[in-house]
Amino acid sequence: DRGYLERLGDGTYLLIRLPGEAGPGREAWGTILRLSEAPLRDAVAASNETGFLAITEKQEVRYLTKVLPAREIRYDRDISKLRKAHQVASGIVMLAGLEPSEFDAYLGHLAPELRGEVAATVAAARVDGFCVNLKGVVEGAAGIAAPVRDAEGRAVAAINISGPRDRIEANVPGITGIVVETARLVSEALARRSRTSSKNPGRN
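The opening position of the sequence shown corresponds to residue 1282 in my numbering, with each subsequent residue numbered one higher.
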C-alpha cells in the first residue's frame, strides 16, 4: 500500500521503487531487483540452496523474489508473509545498517527480555558484514544474509541464501562467501548505475 511493490500473477513481487526513492516514473524503480537477478541466480547455482532478495518496511522484512535450486529437497518459503526484522538473517543485516537512534527505536518496540540478545546479534552482523541464522522462523530452516548497499553505503536490501538447517550448518563458510560476494556484486552494480544516472539525469 506504500507503492513499493506490485504483486505479479505468479505470486512473486516486483519492486517498483525503493523505500525513500522518489523516482519520477516506474521505469526508474525496479532497479535493485533487475540488478540482482543474475547474481542471485548464480548464487543459487553455486550454493544449490534457495536465494532471496529482501527489503525492510519499518519493522518488517519483505521478500521480493526467490530463486529455487534444482534439487528435490529444498526450502520454499511463502514470500507473501512478512517477518519481524530481528527474526531473520536478512532483517538483522539491515538493522545493522541503521543509525544508532533508529536502531534504538526498533529495540524499544521489543520485549525487554529480547533487547540484549537482538542488540548483540546486530552488533556482530555490523562487524562481520553478514549474519548466519541457524534458527529460522520456519522450523528446521536456516539462512545466511549480507546487505546490499547503495552508492552512499546505506543498506537498502539483503541477499539471503536459505535451506534445511543441517545442510546450511555443514557449509557455513562456503555459503557465507557466496552470499557476501553476491551482495558485493549487486552493491557495485547499484553504485555504477547511480553514478551513470547522475551524469545522465534524463535517463533511467
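Even for Gly, the Cβ is constructed at its ideal location relative to N, Cα and C. Note that the structure is a prediction, hence the values are computed from the model and not measured.
8 Å contact criterion, which residue 1349 and residue 1336 should meet: CB distance rounded: The residue you call residue 1349 lines up with position 68 of the sequence shown. The residue you call residue 1336 lines up with position 55 of the sequence shown. In fact, because the Cβ distance is near 20 Å, the residues do not count as touching under 8 Å.
Inter-residue CB distance, residue 1461 and residue 1410 (contact presumed, cutoff 8 Å): For the purposes of this step, residue 1461 is taken as the residue at position 180 of the sequence shown. For the purposes of this step, residue 1410 is taken as the residue at position 129 of the sequence shown. Contact flag correct, Cβ pair sits at about 6 Å.
Stretch-stretch touch, CB-based, cutoff 8 Å, three pairs: the stretch 1316-1328 with the stretch 1425-1445: Contact annotation: the stretch 1316-1328 touches the stretch 1425-1445, with at least three C-beta pairs closer than 8 Å.
Under the three-state DSSP convention, the category residue 1373 falls into: What you label residue 1373 is simply residue 92 of the sequence shown in a count that begins at 1. Residue 1373 falls in the helix class under three-state DSSP.
Buried versus exposed, by CB contacts within 10 Å (16 or more), residue 1390: As a first step, residue 1390 is located in the sequence shown; it is residue number 109 there, counting from the start. That one is exposed.
Other residues of its chain near residue 1405: CB distance less than 6 Å, five sequence neighbours each side excluded: Translated into the one-based positions of the sequence shown, residue 1405 becomes position 124. Same-chain partners within the cutoff: there are none.
Continuous beta strand (DSSP E) stretch holding residue 1443: start and end: On the sequence shown, position 162 is the one that residue 1443 refers to. Run containing residue 1443: 1436-1445, per the beta strand (DSSP E) assignment.
Top-ranked residue by Cα proximity to residue 1456, from 1467, 1399 and 1444: Within the sequence shown, the letter at position 175 stands for residue 1456. Of 1467, 1399 and 1444, the residue nearest in Cα terms is 1444.
Secondary structure, beta strand (DSSP E): runs of 3+ residues fully inside the stretch 1339-1427: 1341-1348 and 1412-1414
Cβ neighbour criterion (16 or more within 10 Å) applied to residue 1381: The residue given as residue 1381 occupies position 100 in the sequence shown. By the 10 Å Cβ count, residue 1381 comes out exposed.
Whole-number beta carbon distance between residue 1316 and residue 1470, since they are thought to touch under 8 Å: Working through the sequence shown from its first residue, we reach residue 1470 at position 189. Working through the sequence shown from its first residue, we reach residue 1316 at position 35. About 4 Å; that satisfies the 8 Å criterion.
Helix, strand or coil at residue 1432 according to DSSP, with G and I counted as helix: By one-based count along the sequence shown, residue 1432 stands at place 151. Three-state DSSP puts residue 1432 in coil, outside helix and strand.
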